[in-house]
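S.K.:
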Amino acid sequence: MKLVSVVTLVVLTAWSLDRADGSAYDTIVSHSRIRARKEGPNVCALQQVMGTKKKYFSTCRNWYKGSICGKKAIVLYECCPGYMKLEGMRGCPAVAPIDNVHGTLGLLKATKTQEYAEASSIAEELSGKGSFTMFAPSNDAWEELDPLVKAALVSNVNVELFNALHYHMVNSRLLTKDLKNSMTLTSMYNELGLYINHYSNGIVTVNCARIIHGNQVATNGVVHVVDRVVSTVSSTIKDTLEVDDDLTSFTLASGMMEKLGEPGHYTLFAPTNRAFEKLGSGYLERIMGDQKIMSALVNYHLLNSVQCGEAIMMGTVYETAEGSSLQIGCDGDRLTVNGITMVLKKDIVTTNGVIHLIDQVLVPDSAKEVMELVGENQSTFSDMVAELGLSAALGPGTEYTLLAPVNTVFTDEVMRTDQTILKETLENHILKLKVTLSELYNGQQLETLFGNLLRVFIYRTAVCIENACMLRGGKEGSNGALHLMRSLIKPARRSMYEILVADGRFRVFLSLMESAGLTQMLEQEGSYTVFAPTDDAFNGLSEEDLTLLTGDVNALRTILLYHFSNGVFINGGLEGGVTNLLKTLQGQNLQVLSVNNSIHVNSVDVPDNDLMATNGVVHVVKNILYPANIPVGREDLLLLLRKIIKYIQIKFVSGYSYSEIPLTFIMPGVTKVTRVISGGEPTITKVTRVINTAPTVTKVTRVVLTEPSSTKVMRVVEGEGPTLTTVTRVVEGEPSYTTLTRVISGEPPITTRTIESEPTITCVPKQATPRVSPRDCDT
0 MKLVSVVTLV
10 VLTAWSLDRA
20 DGSAYDTIVS
30 HSRIRARKEG
40 PNVCALQQVM
50 GTKKKYFSTC
60 RNWYKGSICG
70 KKAIVLYECC
80 PGYMKLEGMR
90 GCPAVAPIDN
100 VHGTLGLLKA
110 TKTQEYAEAS
120 SIAEELSGKG
130 SFTMFAPSND
140 AWEELDPLVK
150 AALVSNVNVE
160 LFNALHYHMV
170 NSRLLTKDLK
180 NSMTLTSMYN
190 ELGLYINHYS
200 NGIVTVNCAR
210 IIHGNQVATN
220 GVVHVVDRVV
230 STVSSTIKDT
240 LEVDDDLTSF
250 TLASGMMEKL
260 GEPGHYTLFA
270 PTNRAFEKLG
280 SGYLERIMGD
290 QKIMSALVNY
300 HLLNSVQCGE
310 AIMMGTVYET
320 AEGSSLQIGC
330 DGDRLTVNGI
340 TMVLKKDIVT
350 TNGVIHLIDQ
360 VLVPDSAKEV
370 MELVGENQST
380 FSDMVAELGL
390 SAALGPGTEY
400 TLLAPVNTVF
410 TDEVMRTDQT
420 ILKETLENHI
430 LKLKVTLSEL
440 YNGQQLETLF
450 GNLLRVFIYR
460 TAVCIENACM
470 LRGGKEGSNG
480 ALHLMRSLIK
490 PARRSMYEIL
500 VADGRFRVFL
510 SLMESAGLTQ
520 MLEQEGSYTV
530 FAPTDDAFNG
540 LSEEDLTLLT
550 GDVNALRTIL
560 LYHFSNGVFI
570 NGGLEGGVTN
580 LLKTLQGQNL
590 QVLSVNNSIH
600 VNSVDVPDND
610 LMATNGVVHV
620 VKNILYPANI
630 PVGREDLLLL
640 LRKIIKYIQI
650 KFVSGYSYSE
660 IPLTFIMPGV
670 TKVTRVISGG
680 EPTITKVTRV
690 INTAPTVTKV
700 TRVVLTEPSS
710 TKVMRVVEGE
720 GPTLTTVTRV
730 VEGEPSYTTL
740 TRVISGEPPI
750 TTRTIESEPT
760 ITCVPKQATP
770 RVSPRDCDT
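So the sequence shown is residues 0 to 778, counted in numbering that gives the first Met the number 0.
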């Protein structure tokens, strides 16, 4: 028992060390061993594609799907590499006997390779001293070899077959963990290269031949059984294209032959001449003169990595040299590109990559016009653009961006809209310049074809333009960009104040805003979100209650400003299913929840939302919102609030008083006074007085004409928040106009004067009169 424990410990230690320094291939084999542990020791689970002889140590995804390349796979249980069965015993309890490379070929049932090794006199070398790696073709691989090629090899065993087998050998021992991706090995035939790729799914290839049984250790090396006979490689991708008459169209169009002749690791999906003919002469004529489009088209066929056909077991996305992506997959034995079976011939191996021949030209978005990018889900939009005569503004030489709503947006109600209004709506979904998703930023304004400016709002999980948010799937074309929109864009045309007044449901709220001195917030420029309570929210309050509420300005402002947040937060910009915290202008947070396109704020329902304003957005609530952690210090006010706020329990703390909230967010106002005086001839006097640390300059101008004399008074006073007053006086009668110019030379005196009080308002009548009071200037 003690000996068994020691042996087990040694085995586990060796296994752990192997895993620590393992590879993707080793990891997949380990997983296969784990899946088959119920079958006995040293058993591995494999998947075999039904109807074929192909077996794989599968990835988890293939294993649980039960398919490979879309074909159903059955499960097989076989001895793991290096182990064998014993009659009458469960699993694979015996270690396979170790032999030299030539003998190991027989143990692995690679008997055809063993036979050819003996015929070509390589058997002696494989049995002697040394350290070799042999990539041995399986018996099935020799059967699948072109009969003419095989006949040529067998007919000249001392030269052709000898050289072919030497090309399968490396003069050093390399396990799969030593075979790195994009590695080039020097073969034992004329030092020609063997091109190794080791993929994350555990597939290891040599010149795109897959290793199906690896790491069969021999006394003088290691044997890896591969699924095909490996052919010698000496040409680059460029060399291969130039000698293939069926690829002349791509060769002429590419303009990158020099690159394809340099060292590298590429995969080229090369369209045949017939594929280019399918495009039609019109398309080719349009793009042939545009080097930018041609470059994008050609680079879309090139990957900066080697993707052998045997390594593809499922659809996988790869970035192209053009910058966008291709999905490479498989359907049985055939490769697919973007889900289409188009590969005529795969795995043409070169010294700098691999070529797959395809029967279609791949056209990236960047080589298409924007209107060509519109898909079936936006077909209603593109049809209406054509019907309403907007296509002329979207020509090939014009850059623009389409904000294309999905088809479901165009309801019967929308389609019944007056054609003029509908055309305006569509023009507001077309921008005058190309704007990609990465170029959008919060607060950005975008001009539409109609002439409106649309605002951009960036959120954690959404990008929105006015009230409409984008769907994933936007594209960039040769002359612009396409963005998919969830809804129709409705440009804002009125301020929040104008919306609330016109609606008619917010009379009490507007009255309280005026009492609190906050009305200007609703009118001024800015970006606010307001949860505006309707008049129903104040049901139950008497005139005395409202007088009480407005009597404490700090309390009133605390309540009202708790309904405002700095920033525009529309429904589509809220992260769904979680609580969104919006900081209010009062200082506390609102808790906003968006579920199934419905909004709740502090558990209060929002029946109407996204009323877009030029200075923000209005959401409608039927309850007063109140910060739950702020108490009330007066019993009369507590009773009043409890009449209209039912969803929370307001706390009472005797003597508590509301803090004053600085109104720094309200812009200074401008006052205009106009007075009309009838009778007499008007005089207009212009006086400019500047009081600061700079020199004063005075000019008096008098013009004597039949026109009235004009005098304008401007007074600039240093200090906090001066008001600006304009006085206009209109007097009937024929005016006289006098000009008097006086120039005073010499150094002017410098005067500094500080006036702390509010400036006075002065009227200047025709005859000299004493200074009048402001009420004399009332309109």
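C-beta: ideal position from N, C-alpha, C; glycine also.
1) Go ahead and label Asn298 buried or exposed: buried means 16 or more other beta carbons lie within 10 angstroms of its beta carbon, across all protein chains shown.
2) Work out the CA separation of Ile488 and Ser494 for me, nearest whole Å.
3) Ignore the nearest five residues each way along the sequence and tell me which others in Arg227's own chain have a CB closer than 6 Å to its CB.
4) Count the other C-beta atoms from every protein chain shown that fall within 10 angstroms of the C-beta of Arg556, then say buried if there are 16 or more, exposed otherwise.
5) Comparing C-alpha positions only, which one of Gly65, Cys68, Leu106 and Val74 sits nearest to Arg32?
6) Over the uninterrupted beta strand (DSSP E) stretch that includes Cys78, give me the two end residues.
7) Can you give me the C-alpha to C-alpha distance between Val232 and Val100, rounded to a whole angstrom?
8) Under 8 Å, do Glu102 and Arg172 count as touching if we go by C-beta distance?
9) Quick one: residues in its chain with C-beta nearer than 6 Å to the C-beta of Ser779, no 5 flanking neighbours on either side, listed in chain order?
10) Looking at Met370: is its Cβ nearer than 8 Å to the Cβ of Leu393?
11) Among all the DSSP beta bridges, which residues are the ones paired with Gln46?
12) For Gly308, which option in Asn196, Ala391 and Gly322 has the closest C-alpha, if you only look at C-alpha atoms?
13) So is Lys582 in contact with chain D if we call contact Cβ pairs under 8 Å?
14) Does DSSP put Val405 in a helix, a strand or coil?
15) Starting from Ala217, follow its DSSP beta bridges and name the residues at the other end.
16) Which whole-angstrom value is the C-beta distance of Asn351 and Gly263, which I expect to be below 8 Å?
17) Where Val203 and His355 are concerned, what is the direct C-alpha to C-alpha distance, given to the nearest angstrom?
18) Can you tell me the Cβ-Cβ gap for Leu278 and His300, rounded? I've got them flagged as a contact below 8 Å.
19) At what residues does the beta strand (DSSP E) containing Tyr194 begin and finish?
20) With burial defined as no fewer than 16 other Cβ atoms inside 10 Å of the residue's Cβ, what is the status of Gly213: buried or exposed?
21) Just to confirm my understanding: we take Val348, look at its own chain, exclude 5 residues before and 5 after, and list those with CB closer than 7 Å. What are they?
22) Which one of His482, Ile464 and Ser477 has the shortest CA to CA distance from Arg471?
23) Cutting at 8 Å between CB atoms, please list the residues of its own chain near Gly254, excluding the five before and the five after it.
24) Decide if Ile210 is buried, meaning its Cβ has at least 16 other Cβ atoms within 10 Å, or exposed.
25) What are the residues that DSSP puts in a beta bridge with His599?
26) List the endpoints of the continuous beta strand (DSSP E) containing Gly352.
27) Can you grab the Cα-Cα spacing for the pair Glu311 / Met49, in whole Å?
28) For the alpha helix (DSSP H) that Gly201 lies in, which residues bound it at each end?
29) Let me confirm a value: Asn622 is counted as buried when at least 16 other C-beta atoms fall within 10 Å, else exposed. Which label applies?
30) Tell me whether Met182 sits in a helix, a strand or coil according to DSSP, three-state version.
31) Quick check: the Cα distance between Ile327 and Ala274, rounded to an integer number of angstroms?
32) Ignoring anything shorter than 3 residues or poking outside the region 293 to 351, list the beta strand (DSSP E) runs there in chain order.
33) With distances taken from CA atoms, which of Asn189, Ser181 and Glu159 is nearest Asn170?
34) Taking DSSP as the reference, what is the three-state secondary structure of Tyr166?
35) May I have a chain-ordered list of the beta strand (DSSP E) segments no shorter than 3 residues that lie completely inside the region 107 to 138?
36) Are the beta-carbon atoms of Val224 and Leu107 separated by less than 8 Å?
M.R.: According to the data block:
1) Numbered from 1 along the sequence shown, position 299 holds the residue referred to as residue 298. The residue in question, Asn298, is buried, as its Cβ has 16 or more Cβ neighbours within 10 Å.
2) Taking the first residue of the sequence shown as 1, we reach residue 494 at position 495. Taking the first residue of the sequence shown as 1, we reach residue 488 at position 489. Each residue's alpha carbon lies about 17 Å from the other.
3) Counting from 1 along the sequence shown, the entry for residue 227 is found at position 228. The residues Ala140 and Ala208, in chain order, have a CB closer than 6 Å to that of Arg227 in the same chain once the five nearest residues on each side in sequence are set aside.
4) Residue mapping note: residue 556 aligns to position 557 of the sequence shown, counting from 1. Arg556 should be labelled buried.
5) Position 33 of the sequence shown, counted from the first residue, corresponds to residue 32. Of Gly65, Cys68, Leu106 and Val74, the residue nearest in Cα terms is Val74.
6) Indexing the sequence shown from 1 puts residue 78 at position 79. Taken as a continuous stretch (DSSP letters only), the beta strand (DSSP E) holding Cys78 covers Lys70 to Cys78.
7) Taking the sequence shown and counting its residues from 1, the one referred to as residue 232 is at position 233. Taking the sequence shown and counting its residues from 1, the one referred to as residue 100 is at position 101. Rounded to the nearest angstrom, the two C-alpha atoms are 25 Å apart.
8) In the sequence shown, counting from the first residue as 1, residue 102 sits at position 103. In the sequence shown, counting from the first residue as 1, residue 172 sits at position 173. First, the residue type needs correcting, since residue 102 is Gly and not Glu in the sequence shown. Going by C-beta atoms, Gly102 is not nearer than 8 Å to Arg172.
9) Because the chain here runs from 0 to 778, residue 779 falls outside it and cannot be looked at.
10) For the purposes of this step, residue 370 is identified with residue 371 of the sequence shown, where counting begins at 1. For the purposes of this step, residue 393 is identified with residue 394 of the sequence shown, where counting begins at 1. Contact flag set, yes.
11) The residue labelled residue 46 in the question sits at position 47 within the sequence shown. The partner list for Gln46 (beta bridge, DSSP) reads Tyr55 and Val74.
12) The residue you call residue 308 lines up with position 309 of the sequence shown. Minimum Cα distance to Gly308 is reached at Asn196.
13) As a matter of chain content, chain D is missing from the structure shown, which is built from one protein chain.
14) Position 406 of the sequence shown, counted from the first residue, corresponds to residue 405. Of the three classes helix, strand and coil, the one that applies to Val405 here is coil, per DSSP.
15) As a working note, residue 217 is residue 218 in the sequence shown. Bridge partners of Ala217: Gly220.
16) Residue mapping note: residue 351 aligns to position 352 of the sequence shown, counting from 1. Residue mapping note: residue 263 aligns to position 264 of the sequence shown, counting from 1. The pair is a contact, with the Cβ atoms about 5 Å apart (cut-off 8 Å).
17) Numbered from 1 along the sequence shown, position 204 holds the residue referred to as residue 203. Numbered from 1 along the sequence shown, position 356 holds the residue referred to as residue 355. Whole-angstrom Cα-Cα distance: 19 Å.
18) Residue mapping note: residue 278 aligns to position 279 of the sequence shown, counting from 1. Residue mapping note: residue 300 aligns to position 301 of the sequence shown, counting from 1. 14 Å between Cβ atoms; not a contact.
19) For the purposes of this step, residue 194 is identified with residue 195 of the sequence shown, where counting begins at 1. In this chain, the beta strand (DSSP E) harbouring Tyr194 covers Gly192 to His197.
20) As a position in the sequence shown, residue 213 is number 214, starting the count at 1. By the neighbour-count rule (16 or more Cβ atoms within 10 Å), Gly213 is buried.
21) If you number the sequence shown from 1, residue 348 lands on position 349. Tyr194, Asn206, Cys207 and Val232, listed in sequence order.
22) Reading the sequence shown from its first residue, position 472 is the one you call residue 471. Cα-wise, what sits closest to Arg471 is His482.
23) Against the sequence shown, residue 254 aligns to sequence position 255. Here Gly254 has Gln290, Met293, Ser294 and Val297 as same chain residues with Cβ atoms under 8 Å from its own Cβ, once five neighbours each way along the sequence are excluded.
24) In the sequence shown, counting from the first residue as 1, residue 210 sits at position 211. The residue is buried, with at least 16 neighbouring Cβ atoms inside 10 Å.
25) Here residue 599 is taken as the residue at index 600 of the sequence shown, counted from 1. His599 pairs with Leu592 and Asp604.
26) Sequence index remark: in the sequence shown, residue 352 carries index 353 (1-based). Element bounds for Gly352: Gly352 to Ile357.
27) Start at 1 with the first residue of the sequence shown, and residue 311 comes out as number 312. Start at 1 with the first residue of the sequence shown, and residue 49 comes out as number 50. Checking the sequence, you will find Ile at residue 311 rather than Glu. Approximately 17 Å, taken between the alpha carbons.
28) In the sequence shown, residue 201 corresponds to position 202, counting from 1. Neither: Gly201 is in no alpha helix (DSSP H) and is coded neither H nor E.
29) Locating residue 622 in the sequence shown gives position 623, where the first residue counts as 1. Its Cβ being crowded by 16 or more others within 10 Å, Asn622 is buried.
30) The residue you call residue 182 lines up with position 183 of the sequence shown. Met182: strand per DSSP, three-state reduction.
31) Here the question's residue 327 lines up with position 328 in the sequence shown. Here the question's residue 274 lines up with position 275 in the sequence shown. The straight-line gap from Cα to Cα measures roughly 19 Å.
32) 315 to 318, 324 to 330, 333 to 336 and 342 to 349
33) Against the sequence shown, residue 170 aligns to sequence position 171. Of the candidates Asn189, Ser181 and Glu159, the one whose C-alpha sits nearest the C-alpha of Asn170 is Asn189.
34) Translated into the one-based positions of the sequence shown, residue 166 becomes position 167. DSSP places Tyr166 in helix when its eight states are reduced to three.
35) 131 to 136
36) Taking the first residue of the sequence shown as position 1, residue 224 is located at position 225. Taking the first residue of the sequence shown as position 1, residue 107 is located at position 108. In this structure, Leu107 lies closer than 8 Å to Val224 by Cβ.
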